[in-house]
Amino acid sequence: MKHAWIKTTLAITIGALSSQAMANGLAINEHSASGMGTAFAGRSSAALDASTVAGNPAGMSKLERREVSGGLAFIHAETDIEATGGTGSTDGDMVPFATVPFGYYVTPINDKMHFGLGLYVPFAVISDYEKGHMGRYHGVTSEVEVVNLQPTLSYKINDQVSVGGGLVISRVYGKLTSNVNPGALGVPGPDVDVEIEGDDIAYGYNLGVLVDLTEQLTWGLTYHSKVKYGLEGDTKVSNVPAAVAPLLEGKYDASVDITLPESVDTSVTYRLDDQWTLYGGATWTRWSRLDALIVENETSNPVAGAILGKREEPLKWEDTWSFAVGAAYQLNPQWVLRAGLALDESPTNDTHRTTRIPVSDRTILSFGAGWNIDQDTTLDLAYSYLKEDKGEVNQTGYNAEYENSAHGLAAQLTYRF
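Letter by letter, the sequence shown follows residues -23 to -1, 1 to 394 of mature numbering (1 follows the signal peptide of the UniProt record, and there is no 0).
In structure tokens:
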């Protein structure tokens, strides 16, 4: 009984793992439309606009004027589920249409220094299985959002080398719902509803270096630090059968500590000629920090305490690499066309994948365009298609094969003054 109940009281942040955004694990990439057009292949080496605050803070040194840049990314995901075991439906319409905002400001301080400010979403998800889904005892709804506010400075050491860094002020909010089979409580009745909600503010940092190796070749390196969260919230238990309602129904204080991992991104930008620019990049993420989660629910009720209590839930995630290549073609002074391809490893596998984490290795194809409306204003548009390998979920009473895909569209407006 305790094992079945604890499955429903996992940390809020675990819901983020079912994200169908354009990066794997918890992470999402939708921080700029200009970068999305090349599948973010030149994220650390191509300072295209003020969004370099998130990509590589050293890139601000390449911006000659003040810039304000912002936009929205839209994600439509589709999931095909073939399930056996358990009872219920398997529609797979689990990820509602999602919108991801981002915004940046950069200004020169003097010939050597720039200041920037970024507001973006590095981790986010909203997923919602249909009522009565076969996997409902392992998760129904997940709503998670991490928002970063990043004040940033860059310093131009010389004409070839720049460095930069920023403080990350990070807020996480989330809500999880799931069902509990009343049979696990030893009584008949409808499914018990469990809802978890909480938030926290934590801190990290980003560091970057940008080097012009030649007039044509630029190399960049960015380090995104780990961020430690201590989420505080509550677990609400409702719709409990009358026989045990006095012992279990109610609201309980809940907490969980979780560390989102550090990552290292490196890329090169090669200006082949006046028209063609080539990009290549790789990102390493230390997902092995998510080996397990420890959840604590506080209650003075000894029965509820025995069921909720404290438990370590294994995840067994592994470190991952992702790789991307891309190209841009300057069609004329007003228009630039972009394309890119990315391969993104999954941190989980058929042994450890769960209903809330049905992600597999991904292939992402992107296209984009930039339109210089005038000398001060640029509009960037991008489209990405994501396709995942099939992945198995094998949990108690629920065995399924998932095949995920997603369409992403982003728009970004940049104004220089």
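C-beta atoms are modelled at their ideal positions from N, C-alpha and C, and glycine is treated no differently.
Test item: CB-CB of residue i and residue j under 7 Å
i	j	result
T243	L314	no
N371	G62	no
A305	I341	no
Q127	G80	no
S343	K364	no
S131	A35	yes
F93	T246	Note on identity: in this sequence residue 93 is Gly, with Phe being the wrong assignment. No, the Cβ-Cβ distance between G93 and T246 is not below 7 Å.
G317	T84	no
N125	P165	no
F51	A301	no
R148	Q193	no
D321	N1	yes
M13	A387	yes
L208	D251	no
Close beta carbons around residue i, own chain, < 8 Å, minus the five adjacent residues each side
i	result
N156	T(-16), R113, Y114, V117, D168, V169, D170 and V171
S66	E107, G109, H110 and M111
Proximity to residue i [Cα-Cα], best of the options
i	options	result
S299	G257, T276 and L270	G257
P310	A316, S277 and Q352	Q352
G181	T212, L162 and G143	G143
N87	R263, S38, A54 and L162	S38
L49	R42, F74 and D68	F74
Y392	M13, R43 and G14	R43
T262	T236, W312 and L270	T236
G32	F394, M71, Y360 and T129	T129
G47	A269, E59 and T354	T354
S202	P238, A220 and Q252	P238
A179	Y206, T154 and Q193	Y206
S138	I146, K89 and T154	According to the sequence shown, residue 138 is Val rather than Ser. Of the listed residues, the one whose Cα sits closest to V138 is K89.
G163	W196, V140, V145 and A220	A220
P218	Y360, S21, L270 and N158	N158
Cβ-based neighbour list, residue i, same chain, cut-off 7 Å, excluding 5 preceding and 5 following
i	result
D136	none
D57	G69 and E380
T325	W294, I334 and V336
I350	L356
W253	A304 and Y306
L292	L267, D268, A269, L270 and H329
Residues near residue i in its chain [Cβ-Cβ closer than 6 Å; skip 5 each side]
i	result
D357	A10, S11, G347 and Q389
E122	A101 and Y150
Y200	L184 and V241
G210	E174, G175 and A231
F369	Reading off the sequence shown, one finds Glu at residue 369, where the question assumed Phe. Cβ within range, chain order: D327 and E378.
K152	E120 and E174
K213	E172 and K228
S337	S323, E365, D366 and G368
D296	R263, W264 and S265
F394	R43
N216	V169 and D170
E59	E378
For residue i, the residue or residues it bridges with in DSSP
i	result
I146	L126 and Y180
Q372	Y375
Y362	L342 and H384
N156	D170
Q307	V313
S232	E209 and E273
I134	None, per the DSSP bridge assignment.
H91	P85 and S131
Q389	G48 and D357
N349	T355
E55	S382
D189	T195
T15	Answer is none; T15 lacks a bridge partner.
V121	V102 and G151
Near the ligand HEM: residue i beta-carbon under 6 Å from a heavy atom
i	result
V138	The ligand content of the structure shown is nil, which means the ligand HEM is not present either.
TODO: Taking 8 Å as the threshold, find out whether the region 220 to 231 comes into contact with the region 183 to 195 through three or more Cβ pairs.
DONE: no
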